[in-house]
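Trainee: Numbering (this note's numbering), first residue to last: 1476 to 1710. A virtual CB, placed ideally from N, CA and C, is assigned to each residue, including glycine. The structure that follows is given in the form of structure tokens.
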């Protein structure tokens, strides 16, 4: 019998990764729809011999509330850096939630015997470099050094969907979108005014054509995770 590949994924709600319905089944959100359309995911799907009737890939849904509850019980780790980093308060930044959050997620993912762990979170107004480092270090903590994947849109998940709406043109510019929620150019408002639901935008999108730094980083990390899990390249 083929082994089930377990992919743990951190979720915030229905408008990003998705949520569990009353029956405990995962109703996929727009970010997960995009992920499953990636060429690398499709290669993994084929390599495992998945079919429409049966998949050998199991999504292990871990909601942010469960992670936050676990984080509160875990001891915070002081990360030491170079003097210049300390002077720039980099270590302080790393302790502002998402290292501990990611470390707790990776611990839960390990408990659930996940093979790959994907941590989804928006950047909002923070530095994407700091948030990426926080998440990556947390994933590394419990054995997901190569199979841990930060999934971090810059600024929010709707910036990736804006690339889909713009037919993949000048997508990198969307990462400079305003964070002013009252602006008509705020990514959530742009998606709301598009005439499509976020799910429909994702369904109509080819994520393999998305070219923007934060998505490219996620796609590359996912490739590394899949190839590392299989111990040979399919992506």
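For residue 1578, is the classification buried or exposed, using 16 other Cβ atoms within 10 angstroms of its Cβ as the cut-off for buried?
Mentor: With 16 or more other Cβ atoms within 10 Å, it is buried.
Trainee: What is the DSSP secondary structure of residue 1481, reduced to helix, strand or coil?
Mentor: Looking at residue 1481 - three-state DSSP - the assignment turns out to be strand.
Trainee: Look at the Cβ atom of residue 1514, then the Cβ atom of residue 1480, and state whether they are nearer than 8 Å.
Mentor: Taking 8 Å as the Cβ cut-off, residue 1514 and residue 1480 do not qualify as a contacting pair.
Trainee: So what's residue 1701 in DSSP terms, helix, strand or just coil?
Mentor: Reduced to three states, the DSSP call for residue 1701 is helix.
Trainee: In this structure, does DSSP put residue 1631 in helix, strand or coil?
Mentor: Correct three-state label for residue 1631: coil.
Trainee: Quick one: give me the first and last residue of the alpha helix (DSSP H) that residue 1674 is part of.
Mentor: Unbroken alpha helix (DSSP H) run through residue 1674: 1673 to 1678.
Trainee: Roughly how many angstroms separate the alpha carbons of residue 1625 and residue 1670, rounded to a whole number?
Mentor: Distance between the alpha carbons of residue 1625 and residue 1670: 30 Å.
Trainee: Measuring straight from C-alpha to C-alpha, what distance separates residue 1483 and residue 1695?
Mentor: Spanning the two alpha carbons is a distance of roughly 18 Å.
Trainee: Taking contact to mean at least 3 C-beta pairs separated by less than 8 Å, is the stretch 1519 to 1539 in contact with the stretch 1657 to 1666?
Mentor: At 8 Å Cβ cutoff, the stretches do not touch.
Trainee: Taking contact to mean 3 or more Cβ pairs, one atom from each stretch, closer than 8 Å, check whether the stretch 1693 to 1710 and the stretch 1666 to 1680 are in contact.
Mentor: Because the criterion of three Cβ pairs below 8 Å is not met, the stretch 1693 to 1710 and the stretch 1666 to 1680 do not touch.
Trainee: Residues in its own chain within less than 6 Å of residue 1693 by CB, not counting five upstream and five downstream?
Mentor: For residue 1693, where only same-chain residues beyond five positions count, the Cβ hits under 6 Å are 1626.
Trainee: Are the stretch 1678 to 1686 and the stretch 1636 to 1644 touching by the rule of at least three beta carbon pairs closer than 8 Å?
Mentor: The stretch 1678 to 1686 vs the stretch 1636 to 1644: in contact.
Trainee: Pull up the CB-CB distance for residue 1538 and residue 1486, whole angstroms please, since I reckon it's below 8 Å.
Mentor: With a Cβ gap of about 6 Å, residue 1538 and residue 1486 count as contacting.
Trainee: May I ask you to report which of helix, strand or coil DSSP gives residue 1595?
Mentor: If DSSP states are grouped into helix, strand and coil, residue 1595 belongs with the strands.
Trainee: Under the three-state reduction of DSSP, which class applies to residue 1523: helix, strand or coil?
Mentor: Residue state, collapsed to three classes: coil.
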